[in-house]
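Residue numbers (full-length UniProt numbering): 1 to 315. Here a beta-carbon is modelled for each residue, glycine too, at the ideal position from N, C-alpha and C. Computed from a prediction, not measured in an experiment: that's the story for all the values here.
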């Protein structure tokens, strides 16, 4: 147990003072009764009542005050929170061929925009991770429910040489297998969405990626960016970079994914329509002050009820 506002715990020092005041009042009351010499008259004006009832009501009230002070210090504890483990991995091509402007404003900018919109529109139950790939593939946002972090990682992408589609798939699969402690033995249901212009020029082959995806039961859907007429100029040399839709379609068709030629929001709903659920748990350090305040309320009701029932007044 920790406290998010521990400085407020000094209020607990008031509890012994309240107890002392209560004892002093009881002692004063007893001394006053002894000084009242006409005992017969005292019995009539102040008939004896079971003293323990008075102390019970006071004890309940002091317990309520103590609990409220503890709650005011904002106690926090580790809480197991249920979490859907279903995961979407978004792999974005950052190879230099994505500079081509045959797609406005460029293949790269169009792919980033489509990826961010796709992540923004995902149902809240999904975790999402981001992989960037060129000559190699890197996990730039681990799978989580933090949409802002995933979108921010896409904004920070920069271009590099060569294209490794196969490496992108393998890196995405590894991220799924590392999702949580149980993922290696019981991986979450997942789907990979790969945005690229289609050529695989380095790393493991697309066929190897297909085999790995099928073995992991993770479909790969592809979104092609570009036309047959794209060009890029690198170090003063202009090179043709025609989109390779056939490679992307081969990857999607052979992993039971979908192949798209444009990032259509309505069509992309198919990507996650058939993904199942897998309930897991994560441990979060949460403010649990409501527990203490709720229990304090019960003690307040008990103190008030006891006082009204026994003395016809509130404590």
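Quick check on residue i: does DSSP put it in helix, strand or coil?
i: residue 213; result: helix
i: residue 291; result: helix
i: residue 22; result: helix
i: residue 143; result: strand
i: residue 68; result: helix
i: residue 307; result: helix
i: residue 2; result: strand
i: residue 271; result: helix
i: residue 36; result: Unreliable placement is indicated for residue 36, whose pLDDT of 49 sits below 50; the coordinate value is still reported in the next sentence. Coil, per DSSP.
i: residue 97; result: helix
i: residue 237; result: strand
i: residue 103; result: coil
i: residue 178; result: coil
i: residue 15; result: helix
i: residue 28; result: helix
i: residue 84; result: strand
i: residue 90; result: strand
i: residue 226; result: coil
i: residue 166; result: helix
i: residue 231; result: strand
i: residue 42; result: Its pLDDT being 49, under 50, residue 42 is placed unreliably in this model, and the value from its coordinates should be taken loosely. Reduced to three states, the DSSP call for residue 42 is helix.
i: residue 198; result: coil
i: residue 300; result: helix
i: residue 56; result: helix
i: residue 221; result: strand
i: residue 258; result: coil
i: residue 186; result: coil
i: residue 76; result: strand
i: residue 114; result: helix
What number of angstroms, rounded off, separates the C-alpha of residue i from the C-alpha of residue j?
i: residue 324; j: residue 63; result: Shown here, the chain extends from 1 to 315; a query on residue 324 therefore has no answer.
i: residue 104; j: residue 227; result: 11 Å
i: residue 190; j: residue 231; result: 35 Å
i: residue 187; j: residue 201; result: 30 Å
i: residue 66; j: residue 125; result: 40 Å
i: residue 248; j: residue 234; result: 25 Å
i: residue 244; j: residue 137; result: 19 Å
i: residue 217; j: residue 73; result: 49 Å
i: residue 95; j: residue 75; result: 50 Å
i: residue 42; j: residue 21; result: Annotation note: pLDDT 49 at residue 42 (below 50); position unreliable, no value reported.
i: residue 36; j: residue 303; result: With a pLDDT of 49 at residue 36, under the threshold of 50, the predicted position of this residue should be treated as unreliable, though the coordinate-derived value follows. Distance between the alpha carbons of residue 36 and residue 303 is about 30 Å.
i: residue 255; j: residue 167; result: 16 Å
i: residue 14; j: residue 5; result: 17 Å
i: residue 179; j: residue 127; result: 9 Å
i: residue 214; j: residue 147; result: 27 Å
i: residue 28; j: residue 309; result: 25 Å
i: residue 285; j: residue 79; result: 6 Å
i: residue 222; j: residue 270; result: 12 Å
Using 10 angstroms around the beta-carbon of residue i, count the other beta-carbons present and answer buried if the total reaches 16, otherwise exposed.
i: residue 272; result: buried
i: residue 238; result: exposed
i: residue 219; result: buried
i: residue 262; result: exposed
i: residue 123; result: exposed
i: residue 58; result: buried
i: residue 210; result: buried
i: residue 16; result: exposed
i: residue 85; result: buried
i: residue 140; result: buried
i: residue 301; result: exposed
i: residue 60; result: buried
i: residue 316; result: For the chain, the structure presents residues 1 to 315; residue 316 sits outside this window and is missing.
i: residue 252; result: buried
i: residue 181; result: exposed
Just to confirm my understanding: we take residue i, look at its own chain, exclude 5 residues before and 5 after, and list those with CB closer than 6 Å. What are they?
i: residue 396; result: Coverage of the chain is limited to positions 1 through 315, which leaves residue 396 absent and any answer about it impossible.
i: residue 69; result: 11, 12
i: residue 71; result: 289, 292, 293
i: residue 77; result: 1, 288
i: residue 153; result: 130, 140, 141
i: residue 116; result: 151, 154
i: residue 241; result: 97, 100, 230, 232
Between which residues of its own chain and residue i is the CB-CB distance below 8 Å, once the five residues before and five after are set aside?
i: residue 56; result: 306
i: residue 164; result: 133, 134, 135, 136, 137, 200, 201, 202, 203, 204
i: residue 250; result: 206, 210
Can you list, in chain order, the residues of its chain with a C-beta nearer than 7 Å to that of residue i? Leave out the 5 residues immediately preceding and following it.
i: residue 184; result: 177
i: residue 327; result: A query on residue 327 cannot be resolved here, the shown segment of the chain reaching from 1 to 315 and no further.
i: residue 9; result: 3, 73
i: residue 229; result: 102
i: residue 275; result: 86, 189, 191
i: residue 208; result: 166
i: residue 19; result: 62
Does the beta carbon of residue i fall short of 8 Å from some heavy atom of the ligand PLP?
i: residue 203; result: In the structure shown, the ligand PLP is absent, as is every other ligand, since no ligand is present at all.
Residue i CB to nearest chain D CB: under 9 Å?
i: residue 60; result: No chain D appears in this structure, which consists of one protein chain only.
- Within the chosen definition, does the segment 109-120 reach the segment 189-199 through at least 3 CB pairs nearer than 8 Å? yes
- Message: Check whether the segment 149-165 and the segment 126-134 are in contact - that is, three or more C-beta pairs closer than 8 Å.
- Response: yes
- Are the segment 85-98 and the segment 162-173 in contact at 8 Å, needing three or more beta carbon pairs? yes
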